[in-house]
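Chemist:
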Amino acid sequence: MAGLNITLGYFISVVIICGFAKALAARWRPRWSFLSEFISAFALAACRLEVQTISEIGQWAGGLGQDVSLTMLFLALTVHAVIMQGVTGNPSVTLMGYLQKETGAVFSFLSIAGQLGGAHLALLFAGWYWAMELTDMHMIKVMMMTQCSSSLNVSLIQGTITEVVSALFYHLADLSLRHRSQLLRVPILALLLTFLYYTGNKYTSAYVNPALAYALTFRCPEHTFWEYAVVYWLGPLIGMTMALLLYMGNIPLLFTKNLLFSKKARPRLPKRKTSD
468 MAGLNITLGY FISVVIICGF AKALAARWRP RWSFLSEFIS AFALAACRLE VQTISEIGQW
528 AGGLGQDVSL TMLFLALTVH AVIMQGVTGN PSVTLMGYLQ KETGAVFSFL SIAGQLGGAH
588 LALLFAGWYW AMELTDMHMI KVMMMTQCSS SLNVSLIQGT ITEVVSALFY HLADLSLRHR
648 SQLLRVPILA LLLTFLYYTG NKYTSAYVNP ALAYALTFRC PEHTFWEYAV VYWLGPLIGM
708 TMALLLYMGN IPLLFTKNLL FSKKARPRLP KRKTSD
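Take 468 as the starting number for the sequence shown in our numbering and just add one per residue.
1) Can Pro558 and Gln519 be called in contact, C-beta distance under 8 angstroms?
2) Please list the terminal residues of the continuous alpha helix (DSSP H) segment that includes Gln649.
3) In whole angstroms, what separates the C-alpha of Lys568 from that of Leu720?
4) Alpha carbon to alpha carbon, how far is Ser522 from Met611? Give it in angstroms, no decimals.
5) Decide if Ala598 is buried, meaning its Cβ has at least 16 other Cβ atoms within 10 Å, or exposed.
6) Look at the alpha carbon of Ala593 and the alpha carbon of Ala488, and state the distance between them as a whole number of angstroms.
7) What residue range is occupied by the uninterrupted alpha helix (DSSP H) comprising Glu504?
8) Using the Cα positions of Ile473 and Leu656, report the straight-line distance between them to the nearest angstrom.
9) Comparing alpha-carbon positions, which option in Ser633, Leu642, Arg652 lies nearest Lys672?
10) Comparing C-alpha positions only, which one of Leu623, Phe692, Met551, Leu651 sits nearest to Ile484?
11) His638: which of Met707, Val573, Ala543, His690 sits nearest, CA to CA?
12) How far does the alpha helix (DSSP H) with Pro688 in it reach, from first residue to last?
13) Am I right that Ile479 and Lys608 are in contact with their C-beta atoms under 8 angstroms? What's the rounded C-beta distance?
14) Give the DSSP-derived three-state secondary structure of Val632 in the structure shown.
15) Any contact of the region 541 to 548 with the region 652 to 668, i.e. 3+ C-beta pairs under 8 angstroms?
16) Specify, as a first and last residue, the run of the alpha helix (DSSP H) that Tyr714 falls within.
17) Contact between the region 687 to 703 and the region 640 to 656 is defined here as three or more beta-carbon pairs at a separation below 8 angstroms; is this criterion met?
18) Given a cut-off of 8 angstroms, decide if Val631 and Thr705 are closer than it, judged by their beta-carbon atoms.
19) Mind pulling the alpha helix (DSSP H) runs of 4 or more residues that sit fully within the region 525 to 592?
20) Is the distance from the Cβ of Leu683 to the Cβ of Tyr674 below 8 angstroms?
21) What residue range does the alpha helix (DSSP H) around Met606 cover?
22) DSSP on Lys740, reduced to helix/strand/coil?
23) Return the Cβ separation of Val698 and Leu619 in integer angstroms, given the expectation that the two are a contact with Cβ distance under 8 angstroms.
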């Protein structure tokens, strides 16, 4: 239980610090909203790195089974969505806004750069946290850092398909629930992401977030950077584009005509005959 308490303390510290930083960024630099994306990506990646540690080592180093890791994942996703309202920390969602003409090219570029930067900083921060070796689990994690286990456990094609399908389901759900109440939207999306991770754990872990995948698995030496990029960057991008096309019938940035759904023509009523 001591290890679990330390992990909970880590989560709470990350949430409080990032929530406070986001509030300051929104108040002092409202036009620099890409800073909020940086903070959001950092918070999400920092929490997911600890969840990954519990999933990989917790069962035989701290007595923490898969039920604990899945519960912690769901709670981390839910709290992140509540604290980071208005930002996602997900480059795929940012690109979707660009394809929908909701954001400009410069803003989208800065947001994605901030998201990747936040994920990289989270990786450094988690490494510093693990190096303190507060628990046996963290001590073993430090020993395994140079030989980490990749999340990509299948071939390049199978991995890409897994990420495409996972991103397709996630973005379709996100688009469908966009105008729903946060009380409904947040837990459903968190539960969906937890389910996708659980079902895709033997394949790619179904991150559906390029910045998050960069922090969680790109450093592992089993595959090259470009192999990871194809699976975890190109895959979610394809899935997101397919979801947008299926939901809206077109991609506003590229097409003005609806490619899938046609408006029904109104039947013409016969003209009334007027008597002379």
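Here a beta-carbon is modelled for each residue, glycine too, at the ideal position from N, C-alpha and C.
Since we're looking at a predicted model, the values are computed, not measured.
Modeler: Walking through what the data contain:
1) Residue numbering aside, residue 558 sits at position 91 when the sequence shown is read from its first letter. Residue numbering aside, residue 519 sits at position 52 when the sequence shown is read from its first letter. No. Outside cutoff.
2) The residue you call residue 649 lines up with position 182 of the sequence shown. Gln649: member of the alpha helix (DSSP H) spanning 649 to 667, first to last residue.
3) On the sequence shown, residue 568 is found 101 positions in, with the first residue counted as 1. On the sequence shown, residue 720 is found 253 positions in, with the first residue counted as 1. So the alpha carbons of these two residues sit roughly 6 angstroms apart.
4) As a working note, residue 611 is residue 144 in the sequence shown. As a working note, residue 522 is residue 55 in the sequence shown. A straight-line Cα-Cα distance of about 14 angstroms links Met611 and Ser522.
5) By 1-based counting over the sequence shown, the position of residue 598 is 131. A residue is called buried once 16 or more other Cβ atoms fall within 10 Å of its Cβ, and Ala598, having fewer, is exposed.
6) As a first step, residue 593 is located in the sequence shown; it is residue number 126 there, counting from the start. As a first step, residue 488 is located in the sequence shown; it is residue number 21 there, counting from the start. Roughly 18 angstroms between the two C-alpha positions.
7) Translated into the one-based positions of the sequence shown, residue 504 becomes position 37. Taken as a continuous stretch (DSSP letters only), the alpha helix (DSSP H) holding Glu504 covers 501 to 520.
8) Position 6 of the sequence shown, counted from the first residue, corresponds to residue 473. Position 189 of the sequence shown, counted from the first residue, corresponds to residue 656. Approximately 27 angstroms, taken between the alpha carbons.
9) Within the sequence shown, the letter at position 205 stands for residue 672. Note on residue identity: the sequence assigns Ser, not Lys, to residue 672. Residue Ser633 is the option with its Cα nearest to Ser672.
10) Taking the first residue of the sequence shown as position 1, residue 484 is located at position 17. Nearest option by C-alpha distance: Met551.
11) The residue you call residue 638 lines up with position 171 of the sequence shown. Per the C-alpha coordinates, the member of Met707, Val573, Ala543, His690 positioned closest to His638 is Met707.
12) Mapped onto the sequence shown, residue 688 falls at position 221. Counting along the chain, Pro688 falls outside any alpha helix (DSSP H), and DSSP gives it neither H nor E.
13) Mapped onto the sequence shown, residue 479 falls at position 12. Mapped onto the sequence shown, residue 608 falls at position 141. Between Ile479 and Lys608, the beta carbon gap of about 20 angstroms keeps them out of contact (Cβ cut-off 8 angstroms).
14) By one-based count along the sequence shown, residue 632 stands at place 165. Residue state, collapsed to three classes: helix.
15) Flag = yes, the region 541 to 548 and the region 652 to 668 touch.
16) The sequence position of residue 714 within the sequence shown is 247, counting from 1. Here the alpha helix (DSSP H) through Tyr714 covers 702 to 715.
17) Cβ pair count under 8 angstroms is below three, so no.
18) The residue you call residue 705 lines up with position 238 of the sequence shown. The residue you call residue 631 lines up with position 164 of the sequence shown. Before going on, a small fix: residue 705 reads as Ile here, not Thr. In this structure, the beta-carbon distance from Ile705 to Val631 falls below 8 angstroms.
19) For the region 525 to 592, whole alpha helix (DSSP H) runs of length 4 or above, ordered along the chain, are 533 to 550, 558 to 566.
20) The residue given as residue 683 occupies position 216 in the sequence shown. The residue given as residue 674 occupies position 207 in the sequence shown. Yes; because the gap between Cβ atoms is below 8 angstroms, this pair is in contact.
21) The residue given as residue 606 occupies position 139 in the sequence shown. Counting along the chain, the alpha helix (DSSP H) containing Met606 begins and ends at 603 to 611.
22) Residue numbering aside, residue 740 sits at position 273 when the sequence shown is read from its first letter. Confidence is the limiting factor: at Lys740 the pLDDT is only 49, short of 50, which leaves the residue's position unreliable, though a coordinate-based value still follows. Note: Lys740 maps to coil in three-state DSSP.
23) One-based indexing of the sequence shown puts residue 698 at position 231. One-based indexing of the sequence shown puts residue 619 at position 152. Going by Cβ atoms, the distance from Val698 to Leu619 rounds to 6 angstroms, so yes, they are a contact pair.
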